[in-house]
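Position 150 of the sequence shown, counted from 1, bears residue number 248 in my numbering, the numbering being contiguous throughout. Every residue, glycine too, gets a C-beta built ideally from N, C-alpha and C. Reading through the structure tokens given below for one structure.
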Amino acid sequence: MRDEKKQQKEALKEEMLRLGNLQRECKEEKIPVYITFDGYDGAGKGVQIGRLMQALDPRGFDVYTGDKDTEEEALRPFLWRFAVHAPADGRITIYDTSWYRRVQADRFEGKLNEKKADAAFEDICAFERCLVDGGTVLIKFFLDISEKEQEKRFKKLLESKDTAWRVTEKELARNAHYGKYKKLSDEMIRRTDTPYAPWYVIDAKEKSGTALMVIKTVADVLEKALEKKRAGKEAEIFEKPVPPDRYEKGILAKADLTKRLEEAEYRKKLDKLQKRLEVLHGELYRLRIPVILGFEGWDAAGKGGAIKRLTSHLDPRGYKVCPTASPNDVEKSHHYLWRFWNHVPKAGHIAIFDRTWYGRVMVERIEGFCSEEDWHHAYREINEMEAHFVHSGALVLKFWLQIDKDEQERRFNDRMKNPEKRWKITDEDWRNREKWDAYVLAVNEMLEKTSTKDAPWIVVEGNSKWYARIKVLETVADAMEKKIKEVEKNRKR
């Protein structure tokens, strides 16, 4: 027995050295690593994270705990904080209790009905696949102990006033109903054990043996990830590309750009709509309904003007306009969706994106800023992210402002002639005109593949700015009113 423990100690020391070297190599190769620890209460998640940290350079990782929501976190989708804390290239994020609390502890406490639990499982699997497809190495541990072992550990902690505080009433309740909690945990593992994000279930009865298994597993997974990256292997494309000619005459060609509105009618409708939106905004806050509005369209199509009229009468404390420019160095070091997760609104607030995550399947696709595989994956990743927002209670609308090429040229020239508007036009805007046909194909494919029942695209006929602004405001107001009625109806049940 003594020799066995000595050998185990030597093996642990070797694996810790090996892991430290692999961490440095992952940093050099810019591989992000996400490690989560879940399992039964008292299984030693904190102890194992501590041992893992001893093997790593402390400058290269961040540790978070997910067992409780802060006020900010409780007002956002449950995956929000985990997305915001996703590691940058070359860094490691470690979570003590991850997103699985949603389908384990929360479900045990009756906070989720079966419909919400099913949606949470879908969201989790989609989130993990999105991380992995984006190059993150995801390692999920479940630390397993028996009911008797858990009871024994709780008893020992409760015997001392110095450690009794570590055992909560909720943990004691889960021990008292261990069988029920185990059933939920087994289902959780079964439904989320995927080829791209497998579970590593570790018998955690013996702490030193557990540490060896955890550290060796992390080292083995990182070693394989490094081999794969250096070999230049790519993941399979999940769908076959559609021939481009299918999108030459797509949704955009159906837009009737002759639609107009006279100034008198525009002014009258605008005033009524802005006052209506002011009232609806208050109702959204009262009912804690988050709203996400995305604006895309051709350069000079009128996105800024529509947003300005939309927000004119809104409470400035309850909305935020998020303009999207080219990603900076910090944003480039993260998953492409990371910067947008950072602006997901709190419940009752509105986020308005002036250009969105759809840049992935437009400018990044056309300019070659991402691989063909990357933008093919993006359709599914974006749909799944938006579905998670909707599952969390958000209203999601996306607007494409459509103008024709001649109208765009006229607006460009008007801006060039007007000193007060000249700043709006750039050399890049003129270069983009040269790729008009390529953008038509990309936009038509985007509209077809990402307009869903819960997060629809609205094509706005924009040759007349007055008509376009009214259509945007009417659409938003109608959707808000419908959402408010749905929420109120559900709360009365």
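Backbone secondary structure at Asp-525 - three-state DSSP
The residue you call residue 525 lines up with position 427 of the sequence shown. Three-state result, Asp-525: helix.
If you pair each beta-carbon of the region 495-510 with each one of the region 563-582, do three or more pairs fall below 8 angstroms?
yes
Using the rule of at least 16 other Cβ atoms within 10 Å of the residue's Cβ for burial, across every protein chain shown, is Asp-472 buried or exposed?
For the purposes of this step, residue 472 is taken as residue 374 along the sequence shown, with counting starting at 1. Answer is buried; the Cβ neighbour count reaches 16.
Between Thr-315 and Tyr-294, which are expected to be in contact by the criterion C-beta below 8 angstroms, what is the C-beta distance as a whole number of angstroms?
Looking up residue 315 in the sequence shown gives position 217. Looking up residue 294 in the sequence shown gives position 196. Not really, about 17 angstroms apart at Cβ, beyond 8 angstroms.
Could you tell me the distance, in whole angstroms, from the CA atom of Val-428 to the CA atom of Ile-133?
Counting from one through the sequence shown, the residue named residue 428 turns up at place 330. Counting from one through the sequence shown, the residue named residue 133 turns up at place 35. So the alpha carbons of these two residues sit roughly 21 angstroms apart.
Would you identify the three-state DSSP class for Tyr-434, choosing helix, strand or coil?
Counting from one through the sequence shown, the residue named residue 434 turns up at place 336. In this structure, DSSP gives Tyr-434 a state outside helix and strand, which the three-state scheme calls coil.
Spatially closest choice to Glu-586 from Leu-545, Asn-530, Ile-387 and Leu-371, by CA coordinates
Here residue 586 corresponds to residue number 488 of the sequence shown, with the count starting at 1. It is Ile-387.
Quick one: what does DSSP say Val-389 is sitting in, helix, strand or coil?
By 1-based counting over the sequence shown, the position of residue 389 is 291. The answer is strand: DSSP assigns Val-389 an E or B state.
How many whole angstroms separate the CB atoms of Trp-197 and Leu-177, which I take to be in contact at a CB cut-off of 8 angstroms?
Residue numbering aside, residue 197 sits at position 99 when the sequence shown is read from its first letter. Residue numbering aside, residue 177 sits at position 79 when the sequence shown is read from its first letter. 6 angstroms between Cβ atoms; contact.
Once the 5 residues before and after Lys-357 are set aside, which same chain residues still bring their CB inside 6 angstroms of it?
The residue you call residue 357 lines up with position 259 of the sequence shown. Only Glu-559 and Tyr-565 meet the Cβ criterion.
Euclidean distance between Cα positions of Glu-479 and Thr-548:
As a first step, residue 479 is located in the sequence shown; it is residue number 381 there, counting from the start. As a first step, residue 548 is located in the sequence shown; it is residue number 450 there, counting from the start. Roughly 10 angstroms between the two C-alpha positions.
Taking all protein chains shown into account, do 16 or more other C-beta atoms lie within 10 angstroms of the C-beta of Glu-334, making it buried, or fewer, making it exposed?
The residue given as residue 334 occupies position 236 in the sequence shown. Residue confidence for Glu-334 is low, a pLDDT of 47 falling below 50, so the modelled location carries little weight and cannot support an answer.
Let me know if Gly-395 comes out buried or exposed under the rule of 16 or more other beta-carbons within 10 Å of its beta-carbon.
Here residue 395 corresponds to residue number 297 of the sequence shown, with the count starting at 1. It is buried - the Cβ of Gly-395 has at least 16 other Cβ atoms within 10 Å.
From the DSSP output, read off the bridge partner residues of Pro-421.
Here the question's residue 421 lines up with position 323 in the sequence shown. DSSP output for Pro-421 lists Asp-452 as bridge partner(s).
Would DSSP call Gln-202 helix, strand or coil?
Counted from its first residue, the sequence shown places residue 202 at position 104. Gln-202 falls in the coil class under three-state DSSP.
Tell me where the beta strand (DSSP E) around Thr-191 begins and ends.
Numbered from its first residue, the sequence shown carries residue 191 at position 93. 190-194 is the span of the beta strand (DSSP E), which, as asked, contains Thr-191.
Select from Ser-424, Gly-307, Gly-403 and Ala-423 the residue whose C-alpha is nearest the C-alpha of Lys-107.
Here the question's residue 107 lines up with position 9 in the sequence shown. Closest by alpha carbon: Gly-307.
Assumed close pair Asp-155, Gly-118 - CB separation to whole angstroms, cut-off 8 angstroms
As a first step, residue 155 must be located in the sequence shown, where it is residue number 57. As a first step, residue 118 must be located in the sequence shown, where it is residue number 20. Right, their Cβ atoms sit about 7 angstroms apart.
So, with DSSP's three-state summary, where would you put Thr-315?
The count along the sequence shown starts at 1 and reaches residue 315 at position 217. In the three-state scheme derived from DSSP, where H, G and I count as helix and E and B as strand, Thr-315 is classed as helix.
Does the structure place the region 528-548 close enough to the region 347-365 that three or more beta carbon pairs sit under 8 angstroms?
Cβ pair count under 8 angstroms is three or more, so yes.
Please state whether DSSP places Val-557 in a helix, a strand or coil.
Stepping through the sequence shown from its first residue, residue 557 is reached at position 459. Here Val-557 sits in strand by DSSP.
Could you give the DSSP three-state label for Leu-210: helix, strand or coil?
Residue 210 sits at position 112 when you count from the first residue of the sequence shown. DSSP places Leu-210 in coil when its eight states are reduced to three.
Distance check for Gly-466 and His-475, CA to CA, integer angstroms please.
Residue mapping note: residue 475 aligns to position 377 of the sequence shown, counting from 1. Residue mapping note: residue 466 aligns to position 368 of the sequence shown, counting from 1. Answer to the nearest angstrom: the Cα atoms are 15 angstroms apart.
Going along the chain, which unbroken runs of the beta strand (DSSP E) with 3 or more residues stay wholly within the region 243-318?
297-301
Selected residue, minimal CA-CA separation from Ala-622, among Lys-214, Ala-262, Met-514 and Arg-189
Coverage of the chain is limited to positions 99 through 591, which leaves residue 622 absent and any answer about it impossible.
Between Lys-580, Gly-380 and Lys-430, which lies nearest to Asp-187 when the distance is taken from Cα to Cα?
The sequence position of residue 187 within the sequence shown is 89, counting from 1. Shortest Cα-Cα distance from Asp-187 to any of Lys-580, Gly-380 and Lys-430 involves Lys-430.
Am I right that His-441 and Gly-416 are in contact with their C-beta atoms under 8 angstroms? What's the rounded C-beta distance?
Within the sequence shown, residue 441 is the residue found at index 343, counting from 1. Within the sequence shown, residue 416 is the residue found at index 318, counting from 1. Actually they are not in contact, since the Cβ atoms of His-441 and Gly-416 sit about 14 angstroms apart, beyond 8 angstroms.
Could you work out which residue in Ile-523, Asp-502, Trp-521 and Thr-524 is closest to Trp-534 when comparing CA atoms only?
Residue 534 sits at position 436 when you count from the first residue of the sequence shown. Measuring from the Cα of Trp-534, the nearest candidate turns out to be Asp-502.
Let me know the alpha helix (DSSP H) ranges lying completely inside the region 455-507, each 4 residues or longer, listed in chain order.
Runs found: 461-465 and 470-489.
At least 3 beta-carbon pairs within less than 8 angstroms: the region 273-283 vs the region 199-219:
yes
Take Ala-512 and list the residues in its own chain whose beta-carbon comes closer than 8 angstroms to its own, dropping the five residues that flank it on each side.
Mapped onto the sequence shown, residue 512 falls at position 414. This sequence places Asp at residue 512; Ala is not what is there. Around Asp-512: Lys-519.
If you run the structure through DSSP and keep just helix, strand and coil, what is Asp-136?
Numbered from its first residue, the sequence shown carries residue 136 at position 38. Here Asp-136 carries a strand assignment [DSSP, helix/strand/coil].
With Leu-408 and Val-574 assumed to form a contact (beta carbons below 8 angstroms), what rounded beta-carbon distance in angstroms separates them?
If you number the sequence shown from 1, residue 408 lands on position 310. If you number the sequence shown from 1, residue 574 lands on position 476. Yes, Leu-408 and Val-574 are in contact; Cβ-Cβ is about 6 angstroms, under 8 angstroms.
Would Glu-642 and Leu-150 qualify as a contact pair, given that the criterion is a beta-carbon distance under 8 angstroms?
Any answer about residue 642 is impossible in this case: the structure gives the chain only from 99 up to 591.
Taking the Cβ atom as the reference point for each residue, do Leu-493 and Lys-590 lie within a distance shorter than 8 angstroms?
In the sequence shown, counting from the first residue as 1, residue 493 sits at position 395. In the sequence shown, counting from the first residue as 1, residue 590 sits at position 492. Going by C-beta atoms, Leu-493 is not nearer than 8 angstroms to Lys-590.
Proximal residues to Ser-410 (C-beta, below 8 angstroms), its chain only, five neighbours per side dropped
Here residue 410 refers to the residue found at position 312 of the sequence shown. For Ser-410, where only same-chain residues beyond five positions count, the Cβ hits under 8 angstroms are Gln-372.
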